[in-house]
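S.K.: Okay, handing you the structure first.
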Amino acid sequence: MNKKLKIHDTESSEDKIVIRKYQDQRLTFNFSFLTADKAYNLTKCDKKVKSKLIERIENLSQEDVTAVLNRTKEVGLEKIPNDEITGLRIHNVFKDTRESECNKDFWVFRLSSLGRVIGKMNKNIFYILAIDTKFKLYDHGS
């Protein structure tokens, strides 16, 4: 049994394998749809909370999203099921234009003991929807 081998031209564009360098995806933060509810936006936040918010955003945006998601909830992000967030008035424009593109659940990052930032994510975009300094938007356990 004698088989003939076919030699393909490796220069054809169909056979080329392109190896691309991996580019990490860093988190970006969007405040456009922060709730109008003064209890959960920047209106009543003091300088300490605002400073901690900037510090945490800077820290979370320094690494690839995958690395941030693999951190513990104290220093990374925590997923909260949609039905566990209560009392949050989500901006109507966000509901109409962005929410369907986002992950189903909410995502939270901590401002140490000063509060929690609650939002939705679409790939690497974190839409900040509320800043909960009173710990009232979801059950934190005992």
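To get the numbering used here, take the position in the sequence shown, counting from 1, and add 732.
Quick reminder that beta carbons are idealized off the backbone N, C-alpha and C, glycines included.
From a predicted model like this one, the values you see are computed outputs, not experimental measurements.
1) DSSP puts Y859 in a beta bridge; with which residues?
2) Which stretch, first to last residue, makes up the beta strand (DSSP E) that contains I786?
3) Could you check the C-alpha separation between H823 and F763 for me, to the nearest Å?
4) For a test of the three-state rule: what should DSSP assign to L843, helix, strand or coil?
5) Measuring only the C-alpha atoms, how far is E833 from D796?
6) What do you get for R848, buried or exposed, if any count of 16 or more other CB atoms within 10 angstroms of its CB means buried?
7) What's the call for I786, buried or exposed, on a 16-neighbour Cβ count within 10 Å?
8) Short check: CB of I850 to CB of L869, under 8 Å?
9) Kindly provide the ranges of any alpha helix (DSSP H) runs that are 4 or more residues long and lie completely inside the stretch 788 to 826, ordered along the chain.
10) For F841 versus F765, is the C-beta distance shorter than 8 Å?
11) For K780 and F838, I'd like the C-alpha separation in whole angstroms.
12) Are the beta-carbon atoms of I678 and Y772 separated by less than 8 Å?
13) Helix, strand or coil for D864 per DSSP?
M.R.: Quick answer:
1) N762 and K852
2) Here I786 belongs to no beta strand (DSSP E); instead the alpha helix (DSSP H) covers K779 to L792.
3) One C-alpha to the other measures close to 11 Å.
4) strand
5) 20 Å
6) Label assigned to R848: buried.
7) exposed
8) yes
9) 797 to 801
10) no
11) About 24 Å.
12) Outside the shown range of the chain, which is 733 to 874, sits residue 678, and nothing can be said about it.
13) strand
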